[in-house]
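Only one structure is covered here, and it is reproduced in the block below.
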């Protein structure tokens, strides 16, 4: 190996290493349009309360876009109906959950917490008993026409015993 090649070898290796650290390639971009996580909306830390008949889905919804996006509805393989709920104080001081008119708007570049006793997704008319540890697939419908599918584990839960009041 002559001196010129010996000196160029470290430069060549450094260029290869830098190329490996570069951003996404064209194949990443083509698959991203089919993956709802890459549309700018993502659900993290999701979980489902183990309850009979109807139950809540909780987690954090993140909007990584520069536009507000609203969750308008949803579906699940284990529920005949999926509703978006808010929890409000009733006149008597008790907490009531009810469908949230207009859904959940996630502001641009922000997150929205879904939690017991707060906004949450309700799975209603469960077709079977949910078992701790099983993964449920849930699909959310978004105001921009996209849908977002995610999975959430079922966990035992005994808190946030609000009454359901669909009429308030």
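In my numbering, the protein residues as written are 2 to 169. All C-beta atoms in this analysis are idealised placements derived from N, C-alpha and C, irrespective of residue type, glycine included.
- Annotation: residue 91 to residue 99 spans about 11 Å, alpha carbon to alpha carbon.
- With a cut-off of 8 Å on Cβ pairs, the region 104 to 114 is not in contact with the region 48 to 58, counting fewer than three such pairs.
- Distance from the CA of residue 148 to the CA of residue 73, rounded to the nearest whole angstrom, comes to 10 Å.
- By DSSP's assignment, residue 77 forms a beta bridge with 139.
- Under the DSSP assignment, residue 60 falls in the beta strand (DSSP E) whose first and last residues are 55 to 64.
- Cβ atoms of residue 44 and residue 151 come within 8 Å of each other, at about 4 Å.
- Around residue 46, the same chain offers 60, 61 as residues with beta carbons nearer than 6 Å, after the five sequence neighbours per side are excluded.
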